[in-house]
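2 protein chains.
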Amino acid sequence: MIEETVKRYRAYLGKLRAYRHAMGLMNYDMNTIMPKGAGPIVGETFGVLSEAVYDMYTSPETEAMQREILAHRDEVDPILVRTAELATEERARIACIPKDEYVQYTIDQTTADQVWHEAKLKSDFPMFLPHLEKLIAAKKRFARYYRPDAPVYGTMLDEYEKGLCTETLDRFFKTVRDRLVPVIAKIKEQPDVSFLHRYYPIAEQRIFSDYLMDVLGLDRNHCIIGETEHPFTTEFTKYDVRITTHYHEDMVEASMYSVIHEGGHATYERNIADEIAKTPLGRGVSMSVHEGQSRFFENIIGRSEPFIEAIFPKMQEIFPAQLKDVTAHDFYVAVNKAEPSLIRTEADELTYPLHVMIRYELEKRLFDGDLEAKDLPKEWNRMYKEYLGIDVPDDRRGVLQDSHWASGLFGYFPSYALGSAFGAQLIKRMEREFDVWSSVRAGDLKPIVAWLTEHIYRFGSIKEPTQLMEEAFGAPFDPTYYTDYLTAKFTKLYHLN
Amino acid sequence: MIEETVKRYRAYLGKLRAYRHAMGLMNYDMNTIMPKGAGPIVGETFGVLSEAVYDMYTSPETEAMQREILAHRDEVDPILVRTAELATEERARIACIPKDEYVQYTIDQTTADQVWHEAKLKSDFPMFLPHLEKLIAAKKRFARYYRPDAPVYGTMLDEYEKGLCTETLDRFFKTVRDRLVPVIAKIKEQPDVSFLHRYYPIAEQRIFSDYLMDVLGLDRNHCIIGETEHPFTTEFTKYDVRITTHYHEDMVEASMYSVIHEGGHATYERNIADEIAKTPLGRGVSMSVHEGQSRFFENIIGRSEPFIEAIFPKMQEIFPAQLKDVTAHDFYVAVNKAEPSLIRTEADELTYPLHVMIRYELEKRLFDGDLEAKDLPKEWNRMYKEYLGIDVPDDRRGVLQDSHWASGLFGYFPSYALGSAFGAQLIKRMEREFDVWSSVRAGDLKPIVAWLTEHIYRFGSIKEPTQLMEEAFGAPFDPTYYTDYLTAKFTKLYHLN
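The listed protein sequences derive, respectively, from chains A and B. Residue 321 in this note's numbering sits at position 321 of the first sequence, with consecutive numbering throughout. Residue 70 in this note's numbering sits at position 70 of the second sequence, with consecutive numbering throughout.
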């Protein structure tokens, strides 16, 4: 009896994977090469496929299978049990949404994303506003269907990061603000970074990207690199992972750190255990754990002096004219230049969490406070002035800069800062266990990837994120690792003592 | 009552379109950028989606809706009636195939295509053979399920080209052979084409492609151009059409004519009437009509002297060093160099139909004669010697050169030659109605596209292909237009009289 159910459940999971694959590919295509005029058609296709997924997800047959598997948990492959557990939670979240609203939201989100691209180009927030309002209204409704009595934003945070709540984040961002704002304030003299802005032809930058992917150990047979305005990573299974970057001829470090960042996401996915690769557990467990990996490789490793020392000879080989009068140390100092700036994705490691904090505060007020979407630009600009001391010249470089809200990703931003903080605690644990920096200095990231695979990657979504990270840290999460790390690094870099 | 059915049928068609869109995109991705290691996963996803399509297509509900619409044909939108008619035919073709065989075939075909890419690279026919045999066996079974008593190959031809049979094609290829082989034999002295093989950087060739797409009037908002080993066109609706090309730095004409050829396909799709665009009728009606358009633009227009005269100044602007000592007439003569060669897609206009004839003869024997797949290379090489007088050095440039068989497209090739022949009869009709060549000489293809839209494109798949083309010709199809056109063109080019 249970064997029969297991067999049917596996077939169901295979089907679900296929639909997600198709929708994922469509989304990837939309964000890479799809001709713009095809937008409405893609929206309709998304509507049809998401309806099919909704039906599969919420059908009584699915519910019955999952209930039976959970009732016989001792007789069933633990991977299926965990899958059924998670799916039961997720079904509860989805099944409370009326189907027509669910499907309409998918379509609206596709449209909002397309409008945002254009609105950003034109720096036209009012153009984007009605679409944003529609998404916010839907997200509020969905959260209330699921947990009628809970604060809306908390419900949304929990969706990306189980157990995460505003209390935790308020504390976290307070620590960040209290400890880092004084460090930022002390910085006065800036290093010369002019050599980063010499002419770096895109053809050579592509060669450099290939080299970086090799350094990260990314197998091109399963991981491709493309080019988009906004770099991102997507995966349909660990066997098909795709990262993108964006080249600027006068900013060699922009694509360099996009490749390392997205490559960090890809490294996580590529090292999930084969046994779970094709199941719903075969993906990174949460946004913060995922961003933790990408920002770990980008900053803790990629912006470390040993790493720059390791790759600099190759860089000089690829860009001989541009870097002939530059040392590895000059380059290390330059890519760590810390200064309040407008764009989150281009922010330095030190000021970065303040960008995230601003988004967090705005989202909190948007969903559980009295902030209206139409007032976002004004509030955005006010907070950038208050916390980063800078004036936002236009919405393109302000409230319209990120794609997240256009994709309905509210409550996602905090994971960037949390993830950054994870890395600082992880590296301390690694340093106690093996000689991290000798490997990095030799350009060999294999021991690091092996350690992360052992403690994090291979588990995919088997464990809860909190448990996974506590086991990896060997202790509860402590954000002071992060603030200490940043304080020490930038105190030394800027001779602040 | 019927209104209710119509409404449900429209919803069904929307759903079907969405699945075809998803599968089409997946196929496009597989042929463009998908990392190779993702192959097996894509096969599984195809399996799931094709099963869903099979179920939709063959369900009793679908059959009932279609029967009811046909029973009330006078009360229903004629577009829906025609859709139901065609779907009824197609359902008959599919529903006779057991579902597991149908799904397995989709998976096998995906695999065969992937193996073929590698086998071609390695010139390894035995590697490809078992996959080819599997597809052939399945296609034979499918044809027999559908028409147990008919010759298999005839059933397959009819799938791509309704009403087409081996008698028609035998007659057609006999005309081609009898009339063209003597012309080919007369050619002795060849023009100087060395300037085609100078160094043409890919960056400049890309600019040239953009220009050619403008000349064809292709709106980039709905039609993109990509790069693949084998150029092709795909479309998800007329609003999302994608062509690809392949650049060779030492063959400027290779990509040039790929762009014009694929651009011809795209022009057809882009000019289908908006009213049927999102229905199953919103696509080119048959393979030969489609290839007729691509080869019309490639050869009848693209390899005409007036067209070369029109675009040559722009070419000299893009490639000043390469073409400074070349005249438009030199270029015209060079791109029409006729000479037996190995590769169909690179063959000149005159010898081209013999390449197709060889494939036709082999397919006929493979499905209704005693030729076995394992003997294909030997027979292929023998026929290339017999009809084109050349030795095939390896299977990469022989039997493995085309992707069609690896995609299960047997019975498809004849449409290339038929399509080429259509163009010669069409241009005669156009010449009687307006001054085609003055427009072409002015670089203005709009009147031609308008004429073709009026007579062919806008109808999509509303009319049967034979009826459509007869109405466009204003007469029954007559292949001697084609042989006369080629004889006249090459007699003049090579001074054969």
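Backbone N, C-alpha and C define an ideal beta-carbon position, used for all residues, glycine too.
Does DSSP put Thr245 of chain A in a helix, in a strand, or in coil?
On the first sequence, position 245 is the one that residue 245 of chain A refers to. Thr245 of chain A: strand per DSSP, three-state reduction.
Can you confirm whether the stretch 7-21 of chain A touches the stretch 37-44 of chain A when touching is taken to mean that 3 or more C-beta pairs between the two stretches lie within less than 8 Å?
no
Could one say the Cβ of Met26 of chain B lies closer than 9 Å to chain A's Cβ atoms, at least one of them?
For this step, residue 26 of chain B is matched to residue 26 along the second sequence. Chain A, which has a Cβ nearer than 9 Å to the Cβ of Met26 of chain B, makes this yes.
Please classify Ser438 of chain A: is it buried, with 16 or more other beta-carbons within 10 angstroms of its beta-carbon, or exposed?
Along the first sequence, read from residue 1 onward, the residue named residue 438 of chain A stands at position 438. The residue is exposed, with fewer than 16 neighbouring Cβ atoms inside 10 Å.
Of the listed residues B:Val193, B:Glu118, B:Thr237, nearest to Asn336 of chain B (C-alpha basis):
As a position in the second sequence, residue 336 of chain B is number 336, starting the count at 1. Answer by Cα proximity: B:Val193.
Just tell me which of B:Ala310, B:Arg220, B:Glu227 has its CA closest to the CA of Thr267 of chain B.
Here residue 267 of chain B refers to the residue found at position 267 of the second sequence. Considering only alpha carbons, the answer is B:Arg220.
Taking just the CA atoms, how far does Gln109 of chain A sit from Ala11 of chain B?
Position 11 of the second sequence, counting from 1, holds the residue named residue 11 of chain B. Position 109 of the first sequence, counting from 1, holds the residue named residue 109 of chain A. Taking the straight line from one Cα to the other gives about 21 Å.
Chain A contact residues for Tyr239 of chain B, given Cβ-Cβ distances below 7 Å:
Here residue 239 of chain B refers to the residue found at position 239 when the second sequence is read from its first residue. Per Cβ cutoff of 7 Å: Gly37, Ala38, Ile41.
Enclosing beta strand (DSSP E) for Ile225 of chain A [first to last residue]
Walking along the first sequence from the start, residue 225 of chain A turns up at place 225. Per DSSP, Ile225 of chain A belongs to the beta strand (DSSP E) from 223-227.
Below 9 Å between beta carbons: does that hold for Leu354 of chain B and Pro377 of chain B?
Along the second sequence, read from residue 1 onward, the residue named residue 354 of chain B stands at position 354. Along the second sequence, read from residue 1 onward, the residue named residue 377 of chain B stands at position 377. No.
Considering Thr351 of chain A, what are the terminal residues of the alpha helix (DSSP H) in which it resides?
For the purposes of this step, residue 351 of chain A is identified with residue 351 of the first sequence, where counting begins at 1. Unbroken run through Thr351 of chain A: none, as it is neither H nor E.
Once you ignore the five residues that flank Gly443 of chain A on each side, which residues in its own chain have a CB closer than 7 Å to its CB?
Translated into positions along the first sequence, residue 443 of chain A becomes position 443. These residues qualify, in order along the chain: Val215, Ala310, Ile311.
Work out the CA separation of Tyr416 of chain B and Ala328 of chain A for me, nearest whole Å.
Looking up residue 328 of chain A in the first sequence gives position 328. Looking up residue 416 of chain B in the second sequence gives position 416. Whole-angstrom Cα-Cα distance: 60 Å.
Just list the residues that DSSP pairs Asp240 of chain A with in beta bridges.
One-based indexing of the first sequence puts residue 240 of chain A at position 240. In DSSP, Asp240 of chain A forms a bridge with A:Thr237.
Contact under 9 Å by Cβ, Met315 of chain A with Phe208 of chain A:
Residue 315 of chain A sits at position 315 when you count from the first residue of the first sequence. Residue 208 of chain A sits at position 208 when you count from the first residue of the first sequence. In this structure, Phe208 of chain A lies closer than 9 Å to Met315 of chain A by Cβ.
Quick one, are the C-beta atoms of Asp124 of chain B and Asp395 of chain B less than 9 Å apart?
Against the second sequence, residue 124 of chain B aligns to sequence position 124. Against the second sequence, residue 395 of chain B aligns to sequence position 395. Cβ atoms of Asp124 of chain B and Asp395 of chain B: closer than 9 Å.
With 16 as the cutoff for other CB atoms within 10 Å, does Pro231 of chain B come out buried or exposed?
Residue numbering aside, residue 231 of chain B sits at position 231 when the second sequence is read from its first letter. By the 10 Å Cβ count, Pro231 of chain B comes out buried.
Give the residues of chain B in contact with Glu513 of chain A, contact being defined as C-beta atoms less than 7 Å apart.
For residue 513 of chain A there is no data in the structure shown, the boundaries of chain A being 1 and 497.
Please decide whether Lys278 of chain A counts as near chain B, where near means a Cβ-Cβ distance under 9 Å.
On the first sequence, residue 278 of chain A is found 278 positions in, with the first residue counted as 1. Interface residue, yes.
Should Glu44 of chain A be flagged as near chain B, meaning a C-beta pair shorter than 9 Å?
Translated into the one-based positions of the first sequence, residue 44 of chain A becomes position 44. With 9 Å as the cut-off, Glu44 of chain A counts as an interface residue toward chain B.
Alpha-carbon spacing of Arg344 of chain B relative to Glu253 of chain B, whole angstroms
Taking the first residue of the second sequence as 1, we reach residue 344 of chain B at position 344. Taking the first residue of the second sequence as 1, we reach residue 253 of chain B at position 253. Approximately 15 Å between the Cα atoms of the pair.
Short of 6 Å in beta carbon distance, which residues of its chain neighbour His527 of chain A, apart from the five on each side in sequence? Order them along the chain.
Outside the shown range of chain A, which is 1 to 497, sits residue 527 of chain A, and nothing can be said about it.
Hey, does Gly498 of chain A have any beta-carbon neighbour from chain B nearer than 9 Å?
Only positions 1 to 497 of chain A appear in the structure, and residue 498 of chain A is not among them; the question remains open.
Chain A beta carbons: is any one of them nearer than 9 Å to that of Val259 of chain B?
Residue mapping note: residue 259 of chain B aligns to position 259 of the second sequence, counting from 1. No, Val259 of chain B does not count as interfacial toward chain A.
Let me check understanding here. Comparing Cα to Cα, which of B:Ile69, B:Ile107, B:Gly302, B:Asp240 lies closest to Gly423 of chain B?
As a working mapping, residue 423 of chain B is identified with position 423 in the second sequence. Of the listed residues, the one whose Cα sits closest to Gly423 of chain B is B:Gly302.
Kindly say whether Gly47 of chain B, judged by its beta-carbon, lies nearer than 9 Å to any beta-carbon of chain A.
If you number the second sequence from 1, residue 47 of chain B lands on position 47. True, the Cβ-Cβ gap to chain A drops below 9 Å.
Please work out which residues of its chain come closer than 7 Å, Cβ to Cβ, to Arg458 of chain B, disregarding the five sequence neighbours upstream and downstream, and give them in chain order.
The count along the second sequence starts at 1 and reaches residue 458 of chain B at position 458. Closer than 7 Å at the Cβ level, and outside the excluded window around Arg458 of chain B, lie Asn271, Ile272, Ala273.
The alpha helix (DSSP H) spanning Ile187 of chain A covers which residue range?
Against the first sequence, residue 187 of chain A aligns to sequence position 187. Taken as a continuous stretch (DSSP letters only), Ile187 of chain A belongs to no alpha helix (DSSP H), as it is neither H nor E.
Where Arg220 of chain A meets chain B, residues with beta-carbon distance less than 8 Å
Position 220 of the first sequence, counted from the first residue, corresponds to residue 220 of chain A. Going along chain B in sequence order, the residues near Arg220 of chain A (Cβ under 8 Å) are Pro35.
With C-beta atoms as the reference, is Thr58 of chain A less than 9 Å away from Ala84 of chain A?
What you label residue 58 of chain A is simply residue 58 of the first sequence in a count that begins at 1. What you label residue 84 of chain A is simply residue 84 of the first sequence in a count that begins at 1. It is not a contact, given that the beta carbons lie outside the stated cut-off.
Run through the stretch 439-472 of chain A for me and flag every whole alpha helix (DSSP H) of 4 or more residues, listed as ranges in chain order.
446-455
Can you tell me where the alpha helix (DSSP H) with Phe128 of chain B in it begins and where it stops?
Within the second sequence, the letter at position 128 stands for residue 128 of chain B. Where Phe128 of chain B is concerned, the enclosing alpha helix (DSSP H) stretches over 125-146.
Pick helix, strand or coil for Val259 of chain A, following the three-state DSSP scheme.
Stepping through the first sequence from its first residue, residue 259 of chain A is reached at position 259. If DSSP states are grouped into helix, strand and coil, Val259 of chain A belongs with the helices.
I think Thr155 of chain B touches Ala137 of chain B, with their Cβ atoms under 8 Å apart; what is that distance to the nearest whole Å?
On the second sequence, position 155 is the one that residue 155 of chain B refers to. On the second sequence, position 137 is the one that residue 137 of chain B refers to. Actually they do not touch by this definition, with Cβ atoms about 15 Å apart.
Going straight from the alpha carbon of Ser420 of chain A to that of Ile427 of chain A, what length do you get?
Locating residue 420 of chain A in the first sequence gives position 420, where the first residue counts as 1. Locating residue 427 of chain A in the first sequence gives position 427, where the first residue counts as 1. Near 11 Å, if we compare the C-alpha coordinates of Ile427 of chain A and Ser420 of chain A.
Among A:Val115, A:Pro78, A:His72, A:Glu133, the one whose alpha carbon lies nearest that of Phe410 of chain A:
Position 410 of the first sequence, counting from 1, holds the residue named residue 410 of chain A. Ranking A:Val115, A:Pro78, A:His72, A:Glu133 by Cα distance to Phe410 of chain A puts A:Glu133 first.
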